[in-house]
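Heads up: the sequence shown runs through residues -19 to -1, 1 to 380, numbered per mature numbering (1 follows the signal peptide of the UniProt record, and there is no 0). We treat Cβ as the ideally placed atom computed from N, Cα and C, and that holds for glycine. Computed from a predicted structure; not experimentally measured.
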Amino acid sequence: MVTKLFISLFLAVLSHCQCNNVLKSAGFSLNLVAENSSTDYLFSNAIAYGPIPTRYTIDVAIGTPGTVRRLSLDIKGSITWTQCKPCITCFKQTYSFFDPRKSTSYKKVTSDPHNLFWKSDNGEYRFKSGFDNGLSISGIASIENFTFTGNLALKGIVFGCANKYKPYNRRGQFFDRPSIAGILGLNRSPTSLVSQLGSQRFSYCFPNFNVPPQRSGLIRFGDRVIENVHLQKTDLLSHTYPLYSVNLLKISIAGCILCIPKNILPSPFYLDLGIRYSRIKIEAYNEVLKALQGYFRRYNLTKVANSPSSDTHLCYRLSQGFKEYTKMVLHFPGANFEIGRENLFLFMKDRFRLALMSTRRLQNILATYQMQNVRFIYDNGNDKLLFGGEDCPTVDTSN
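Structural data, given as structure tokens:
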């Protein structure tokens, strides 16, 4: 029999100290579900071949009685939010909108000591989250009970009751799947879920994308986060707070450090679960292409013309028996992130492509395809990111 765990957070005033006192030693794990899609409305130039997860999600019941909805895991998000009634402008979703009038545990935030919200003319505290391409979501800053799979209940979670959004596309969609009804915010802001829990630690490990999407790994919090001696460690950059980023110093291919201009690297390297393929600045990307082309040239592989819709510039015909794929290494202070065959290339029936994209924007991004079978631990209390290769479990084996 599963014992129902109630964790009261008492966040009416968003007291960070109160959170730490409540859940200093608590820990739990949640099952993840991979949402697959052949399109990505936020990042329209993404490579799309086969059932590659667009994003990872968690099912949660909100309110009393609880109504279930699916939220997208977002390590860039400052606050967890879902669409609510009454709605001014809302995007399409499979689930009905959350109705706070039908929940006996719903409350509105009544104070804002951290200046995280803005106050409307009618006295309500409101949140607003901005995204790429001008998209934004806003609504009422609220407090509610969240119940996850396995009867894990969290009381008094600060979240956003969203009732207005600015659409990026004409389809009236926010996410690439209508089954997603909001986000589970996990950045370093005081209103993110991990900050409210007080443990300041969470961890995930995504299995290889060939694993069925209904068995898509786990996310762990608090004492359920397990460290081992094989994990590498580097600092989270403070000047990009509340986002997660590390300092990318150098890039190497086949053991050779690339000659990348000093005005390009070192540079912050952001972590993002909302996109499939990592991005690096165009100047560094071009050096990666040159190095890989030089490497594969010695094996006389046949280069394949690029697809007009593809934003990658490296594609080769698969050669029977060829196994000499190289790896790319991202060098951080005190740690090296190795990207091997399965995470560096995208394999199709008769060819393989570089699963990496260029960007002319300021941000380098580490995305989910390059995170396969890698354990990540976010230690916000010590401003550290830990990572290491692992055969990622699809069920919790930490008991």
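Cβ-based burial, residue i [other Cβ within 10 Å; buried from 16]
i: Val210; result: exposed
i: residue 389; result: Summary: the structure shown does not reach residue 389, with the chain confined to residues -19 through 380, and so no result is reported for it.
i: Phe(-14); result: Since pLDDT at Phe(-14) reaches only 39, below the 50 mark, its modelled position is unreliable, and the value read off the structure follows with that caveat. Exposed, by the Cβ-count rule.
i: Ile329; result: In the sequence under discussion, the amino acid at residue 329 is Met, which differs from the Ile named in the question. Classification for Met329: exposed.
i: Thr85; result: exposed
i: Gly115; result: exposed
i: Thr75; result: exposed
i: Ala348; result: buried
i: Tyr251; result: buried
i: Thr38; result: buried
i: Ile69; result: exposed
i: Asp372; result: exposed
i: Asn2; result: Reliability fails at Asn2, whose pLDDT of 33 lies under 50, so the model's placement of it is uncertain and the value that follows must be treated cautiously. Burial call: exposed.
i: Glu268; result: buried
i: Pro242; result: exposed
i: Trp62; result: buried
i: Ser77; result: exposed
i: Ile238; result: exposed
i: Gly362; result: exposed
Extent of the continuous beta strand (DSSP E) to which residue i belongs
i: Arg82; result: From DSSP, Arg82 is part of no beta strand (DSSP E); its letter is neither H nor E.
i: Gln213; result: 213 to 216
i: Gln64; result: 62 to 64
i: Phe357; result: 355 to 360
i: Gly236; result: Segment: none, Gly236 is in no beta strand (DSSP E) and carries neither H nor E.
i: Phe183; result: 182 to 186
i: Tyr306; result: Looking at the DSSP string, Tyr306 is not in any beta strand (DSSP E), and its letter there is neither H nor E.
i: Gly203; result: 199 to 203
i: Val139; result: 133 to 147
i: Ser10; result: 8 to 12
i: Ile261; result: 259 to 262
Minimum C-alpha distance to residue i - residue among the options
i: Phe108; options: Leu52, Asn144, Thr85, Asp80; result: Asn144
i: Ser339; options: Ala272, Ile261, Gly120, Asn317; result: Ile261
i: Arg50; options: Glu16, Ala42, Ile56; result: Ala42
i: Gly255; options: Leu239, Lys57, Ser86, Gly236; result: Lys57
i: Ser300; options: Ser160, Phe277, Asp360; result: Phe277
i: Lys83; options: Thr45, Asn361, Arg356; result: Thr45
i: Ser184; options: Arg298, Thr38, Gly370, Asp360; result: Asp360
i: Leu230; options: Pro223, Arg257, Cys240; result: Cys240
i: Ile60; options: Ser259, Asn168, Glu105; result: Asn168
i: Lys89; options: Glu16, Tyr258, Gln177, Ser123; result: Ser123
i: Leu165; options: Thr215, Ser110, Lys147, Ser197; result: Ser110
i: Tyr258; options: Pro171, Ser10, Leu13, Arg36; result: Arg36
i: Gln344; options: Leu282, Lys284, Ile245, Asp364; result: Ile245
i: Arg182; options: Gly203, Gly198, Ser173; result: Gly203
i: Thr221; options: Thr63, Cys71, Asp364, Thr307; result: Asp364
i: Val355; options: Gly321, Phe333, Trp99, Gly362; result: Gly321
i: Tyr280; options: Tyr146, Glu264, Tyr297; result: Tyr297
i: Ser119; options: Lys136, Leu311, Gly141; result: Gly141
i: Pro67; options: Ala286, Pro81, Lys136; result: Pro81
i: Ala265; options: Phe333, Asn317, Leu337; result: Leu337
i: Tyr87; options: Phe127, Leu217, Leu52; result: Phe127
Local conformation of residue i per DSSP, three classes
i: Asp102; result: coil
i: Cys373; result: coil
i: Lys73; result: coil
i: Asn267; result: helix
i: Phe112; result: coil
i: Leu224; result: coil
i: Leu273; result: helix
i: Arg278; result: helix
i: Ile121; result: strand
i: Ala162; result: coil
i: Thr91; result: coil
i: Pro46; result: coil
i: Ala286; result: coil
i: Val(-7); result: At Val(-7) the pLDDT is 37, less than 50, meaning the model places this residue with poor confidence; the figure from the coordinates comes in the next sentence. The answer is coil: DSSP assigns Val(-7) none of H, G, I, E or B.
i: Pro249; result: strand
i: Thr128; result: strand
i: Leu52; result: strand
i: Cys296; result: strand
i: Arg169; result: coil
i: Phe368; result: strand
i: Leu254; result: coil
i: Val210; result: coil
i: Leu97; result: coil
beta-carbon residue i near the ligand NAP non-hydrogen atom, thresh 7 Å
i: Ile124; result: Inclusion of the ligand NAP in the displayed structure is not the case, the ligand content being empty and no account of it being possible.
Where the alpha helix (DSSP H) through residue i begins and ends
i: Val175; result: 174 to 178
- prompt: At which residue ranges does the region 313 to 353 contain complete beta strand (DSSP E) runs of 3 or more residues, listed in the order of the chain?
  reply: 316 to 320, 326 to 328, 332 to 335, 337 to 340, 345 to 347
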